[in-house]
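Report on the structure given below.
There are 2 protein chains.
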Amino acid sequence: MRYQFSQKIDSLQPSAIREILKATADPSVISFAAGNPAPEAFPVEAVRKITHEILEEYPILALQYSVTEGYQPLRDRLVHLVKERYGIGRDFDQILVVSGAQQGICLAAHCLLDDGDKVISENPSFIGSLNAFRSFRSQLVGVEMGPDGIDTEKLEQALKTNPNTKFIYTIPNFQNPTGITMSLEKRKEVYRLALQYGVLILEDNPYGELRFAGDDVPTIKSMDTEGIVIYCGSFSKVLSPGLRVGYVVAPKEIIAKMTVAKQSSDVHTTILSQMICERFLAEYDFDAHIAGLREIYRKKSSLMIRQIDQNFHPAVTHTNPEGGLFLWCTLPKGSDMLAFCKAAVDRGVAMVPGSAFLTDDHGTSESVRLNFSTPTDAQIVDGISRLGDLTKKMF
Amino acid sequence: MRYQFSQKIDSLQPSAIREILKATADPSVISFAAGNPAPEAFPVEAVRKITHEILEEYPILALQYSVTEGYQPLRDRLVHLVKERYGIGRDFDQILVVSGAQQGICLAAHCLLDDGDKVISENPSFIGSLNAFRSFRSQLVGVEMGPDGIDTEKLEQALKTNPNTKFIYTIPNFQNPTGITMSLEKRKEVYRLALQYGVLILEDNPYGELRFAGDDVPTIKSMDTEGIVIYCGSFSKVLSPGLRVGYVVAPKEIIAKMTVAKQSSDVHTTILSQMICERFLAEYDFDAHIAGLREIYRKKSSLMIRQIDQNFHPAVTHTNPEGGLFLWCTLPKGSDMLAFCKAAVDRGVAMVPGSAFLTDDHGTSESVRLNFSTPTDAQIVDGISRLGDLTKKMF
Chain A
107 MRYQFSQKID SLQPSAIREI LKATADPSVI SFAAGNPAPE AFPVEAVRKI THEILEEYPI
167 LALQYSVTEG YQPLRDRLVH LVKERYGIGR DFDQILVVSG AQQGICLAAH CLLDDGDKVI
227 SENPSFIGSL NAFRSFRSQL VGVEMGPDGI DTEKLEQALK TNPNTKFIYT IPNFQNPTGI
287 TMSLEKRKEV YRLALQYGVL ILEDNPYGEL RFAGDDVPTI KSMDTEGIVI YCGSFSKVLS
347 PGLRVGYVVA PKEIIAKMTV AKQSSDVHTT ILSQMICERF LAEYDFDAHI AGLREIYRKK
407 SSLMIRQIDQ NFHPAVTHTN PEGGLFLWCT LPKGSDMLAF CKAAVDRGVA MVPGSAFLTD
467 DHGTSESVRL NFSTPTDAQI VDGISRLGDL TKKMF
Chain B
107 MRYQFSQKID SLQPSAIREI LKATADPSVI SFAAGNPAPE AFPVEAVRKI THEILEEYPI
167 LALQYSVTEG YQPLRDRLVH LVKERYGIGR DFDQILVVSG AQQGICLAAH CLLDDGDKVI
227 SENPSFIGSL NAFRSFRSQL VGVEMGPDGI DTEKLEQALK TNPNTKFIYT IPNFQNPTGI
287 TMSLEKRKEV YRLALQYGVL ILEDNPYGEL RFAGDDVPTI KSMDTEGIVI YCGSFSKVLS
347 PGLRVGYVVA PKEIIAKMTV AKQSSDVHTT ILSQMICERF LAEYDFDAHI AGLREIYRKK
407 SSLMIRQIDQ NFHPAVTHTN PEGGLFLWCT LPKGSDMLAF CKAAVDRGVA MVPGSAFLTD
467 DHGTSESVRL NFSTPTDAQI VDGISRLGDL TKKMF
């Protein structure tokens with residue numbers, strides 16, 4: 107039988123990241139392609155102890171159906187957490203627990219996007235989100251970035267020329283894939299423009315806690331006096347991605363619609379996972395844990411940057427992120443980036459081609475994304491050395 | 107700000123089930139409204155032991171990102187399980203692990219339905235699935251059921267008059283909400299008609315293992331020589347719904363699209379949950395566990411039916427399910443079913459109005475769904491007695 111798929115899904119291709127991750131199943135390949143937290147970042151002993159306690163004390167609660175909105179003690183803790191840490195949460199806001207921030211993005215898209223609606227995004231941006239928007243048949247409008255975030259003049263131009271824009275999608279902290287952090291001035295300007303043009307903002311902040319240099323910049327949601335920002339947070343980078351727990355803070359009316367959509371999507375988020383997150387916040391020193399993570403990633407990013415500076419052809423440039431998991435390397439003008447990636451795989455090193463992150467999926471890129479959180483220190487030294495030889499050979 | 111939601115979601119109302127479940131948060135209310143497994147059905151000791159072992163032996167695997175398709179050892183076990191138990195799985199088929207069967211339904215809808223496409227469903231049917239189809243702007247075509255399943259003459263009529271039908275949705279075993287099981291003859295006829303009219307079948311089998319009377323009937327998927335059946339199974343009713351693990355068996359080409367959609371939806375299913383399911387299948391006697399569950403539900407359904415027969419006005423009829431979690435009671439012709447449900451809540455007993463399960467969400471019903479798995483035996487006796495008094499007063 108020839109299957110006739112929906113137009114929503116038929117155009118979507120498996121993500122380049124995913125295909126490359128599959129290629130890296132070969133253990134001899136050094137992978138800078140993933141976006142996984144460092145294995146040493148998981149509080150394994152704490153999770154063991156907490157999980158044991160939960161299954162001793164509340165086994166039925168942990169195994170039974172639960173409510174779509176999320177485990178109430180976790181929602182209560184998150185109300186305090188986002189208020190204290192990010193200045194987020196007004197009377198009109200509510201919290202929905204989701205199955206990873208990816209689900210928050212997908213539910214927002216499902217609730218807001220009709221065929222042909224526009225989404226304005228930083229370009230390049232996280233392919234998982236771009237594909238979620240595409241899967242609801244929206245059209246992506248990419249706006250390029252400077253070293254301090256999205257180009258706000260071009261953003262205003264995009265808003266003017268795309269009146270059916272539903273929201274602006276942004277990752278203000280240590281953006282994926284570029285590692286760029288948006289300045290406070292630009293955050294204020296993005297908020298002002300969204301308000302002026304009557305569009306929402308979808309603020310995705312999975313990496314915000316992983317700052318290892320510079321000072322915190324307020325979230326856009328913290329400026330949200332008018333109820334136009336949907337904020338997505340996650341436990342994936344601060345506790346565990348395998349648990350699949352994230353959260354959305356948004357005006358009640360939006361959360362109500364997202365809750366209805368989530369009910370049809372997966373009923374509720376794994377309750378044992380939610381209970382583990384809640385108890386971790388309740389019983390452990392979150393600040394100390396985060397300080398430990400920051401130190402891990404500070405060291406790993408410094409090592410990778412030092413190796414790049416020592417080994418790469420000087421015409422290859424890179425960003426200097428203040429946090430997160432990724433570096434963005436740009437090859438010399440006119441380079442064949444895909445040929446570089448393929449030659450790298452032949453030398454046993456994988457990374458993600460920059461073109462995978464473009465809002466225009468036929469666009470071309472001269473950049474690649476390098477992840478420093480997943481490889482070991484030895485793999486960083488070895489892999490960057492191999493890539494360095496390649497840059498010197500190719501450029 | 108006045109939010110403009112997508113047409114997909116704007117028409118969806120929070121399900122009646124969900125609102126009633128909220129009302130039943132009052133612990134003094136006896137709830138026949140839920141669809142939860144009996145608490146005594148959870149293998150708590152096994153889950154404790156397994157979870158402890160997993161977190162001792164494979165903590166990083168359990169906490170790290172995983173692949174969208176599902177935990178490979180679980181997929182391998184499921185290949186054997188569905189083959190041995192349900193005769194399912196041909197060379198062209200593949201398995202995708204999903205976050206509960208609800209996600210399987212939602213992903214199938216996302217991958218197959220364009221605006222205005224038709225879905226033919228048994229009427230009444232499971233509201234969670236109907237809402238998933240509605241949320242992709244499909245149109246529902248309901249076909250009524252007899253005591254042995256869907257009316258196949260009316261099904262053919264519906265297929266003739268709705269040429270843009272994408273699939274037939276069916277719950278052949280102990281259907282939700284009616285408890286009806288489709289006969290083998292009708293399963294064959296549904297398959298034949300789907301093939302003749304060139305539509306797919308979405309076979310939802312969450313309750314199949316919970317048979318406490320009569321003989322097993324082959325799944326429609328077991329007849330699927332042509333690759334037109336998408337089969338959804340679940341661990342929710344046989345192990346734990348809180349873990350959120352289900353699976354889909356379908357032709358590879360369909361699974362490939364659903365995998366892309368799942369990647370945008372939640373990246374992957376909670377890996378600890380998947381590992382718990384896998385190890386439960388590996389280390390415990392699944393047949394003996396299922397036999398225990400069947401005995402629990404056989405007793406509970408017998409008790410409820412006996413109490414109904416002794417207490418209800420004789421003009422109220424009910425189905426006699428051979429398995430599953432639900433009874434379907436029909437009030438005397440011309441009754442005000444919603445008034446009955448409201449009066450019941452006033453007497454401290456909740457159930458789900460039959461109108462919640464209709465494909466036409468403005469339709470009327472004279473039936474109600476009663477769940478016998480969640481309440482205790484004492485609650486069944488007390489609740490049915492109160493309802494009995496009410497039937498005698500109202501009818």
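Protein sequence lines correspond, in order, to chains A and B.
For the first sequence, this note's numbering gives the first residue as 107, with consecutive numbering after it.
For the second sequence, this note's numbering gives the first residue as 107, with consecutive numbering after it.
We put the beta carbon where it would ideally sit given N, CA and C, even for glycine.
Beta strand (DSSP E) segment containing A/Asn477, residue limits
473–477
Going by DSSP, what residue range makes up the beta strand (DSSP E) through A/Tyr337?
335–340
Segments of 3+ residues assigned as beta strand (DSSP E) that fall wholly inside the segment 266–290 of chain B:
271–276
Beta-carbon separation of A/Cys338 and A/Leu180 under 7 Å?
no
Which chain B residues sit within Cβ distance under 8 Å of A/Gly234?
Gln369, Ser370, Val373
Given a limit of 7 Å on CB to CB distance, which residues of the segment 462–487 of chain A reach chain B?
none
Going by DSSP in three states, A/Val296 sits in which element: helix, strand or coil?
helix
Backbone secondary structure at A/Gly352 - three-state DSSP
strand
Use the C-beta contact count for B/Arg506: other C-beta atoms within 10 angstroms, 16 or more gives buried, fewer gives exposed.
Residue 506 of chain B lies beyond the range of chain B shown here (107 to 501); nothing can be said about it.
Residue burial classification, A/Glu315 (beta-carbon count within 10 angstroms, cutoff 16):
buried
Cβ pair count under 8 Å reaching 3, the segment 197–207 of chain B against the segment 356–371 of chain B
yes
Where A/Met364 sits in the DSSP three-state scheme
helix
Please report the residue range of the alpha helix (DSSP H) in which A/Glu163 lies.
150–163
Does B/Asn311 have its Cβ less than 7 Å from a Cβ in chain A?
no
I want to know whether the segment 219–234 of chain B touches the segment 343–363 of chain B - three or more CB-CB distances under 8 Å.
no
Please compile the residues from chain A whose C-beta is within a distance smaller than 9 Å of the C-beta of B/Arg154.
His158, Leu161, Glu162, Pro165
With a 10 Å radius around its C-beta and 16 neighbouring C-beta atoms as the bar for buried, classify A/Glu401 as buried or exposed.
exposed
Taking the alpha helix (DSSP H) that A/Val225 belongs to, which residues open and close that run?
That residue, A/Val225, is in no alpha helix (DSSP H); its beta strand (DSSP E) goes 224–229.
Could you pull the start and end residues of the alpha helix (DSSP H) that A/Gly430 belongs to?
Neither: A/Gly430 is in no alpha helix (DSSP H) and is coded neither H nor E.
Do the segment 450–468 of chain B and the segment 130–146 of chain B touch if we need at least three Cβ pairs shorter than 8 Å?
yes
Among the candidates A/Ser491, A/His468, A/Ala264, A/Tyr297, whose CA atom is the shortest distance from the CA of A/His419?
A/Ser491
CB-CB under 6 Å to B/Tyr303, same chain, minus the five flanking residues each way: which ones, in chain order?
Leu265
Under the three-state DSSP convention, the category B/Gly252 falls into:
strand
Answer with buried or exposed for B/Arg293, where buried requires no fewer than 16 other C-beta atoms within 10 angstroms of its C-beta.
buried
Beta-carbon neighbours of A/Lys114, restricted to chain B and to distances below 9 Å
His216, Cys217, Leu219, Asp220, Phe242, Ala367
Measuring straight from C-alpha to C-alpha, what distance separates B/Val528 and A/Ala445?
Residue coverage of chain B in this structure runs from 107 to 501, which leaves residue 528 of chain B outside it and unanswerable.
Using a Cβ-Cβ cut-off of 7 Å, state whether A/Met107 counts as contacting chain B.
yes
Give a yes or no on contact between the segment 406–422 of chain B and the segment 478–491 of chain B, applying the rule of three or more CB pairs nearer than 8 Å.
yes
Looking at chain A, is there any beta carbon in it that lies within less than 7 Å of the beta carbon of B/Gln380?
no
Check whether the Cβ atoms of A/Leu213 and A/Ala367 lie closer than 7 Å to each other.
yes
Out of A/Gln209, A/Gly255, A/Leu218, point me to the one whose CA is closest to A/Pro230's CA.
A/Gly255
Have a look at B/Gly333 and B/Asn426 and give me their C-alpha separation to the nearest angstrom.
33 Å
For a quick check, are the C-beta atoms of A/Thr376 and B/Arg350 less than 7 Å apart?
yes
At least three beta-carbon pairs within less than 8 Å, the segment 142–160 of chain A to the segment 244–258 of chain B
no
Using 7 Å as the limit for Cβ to Cβ distance, is A/Thr376 near chain B?
yes
For A/Thr423, which beta-bridge partners are listed by DSSP?
A/Thr436
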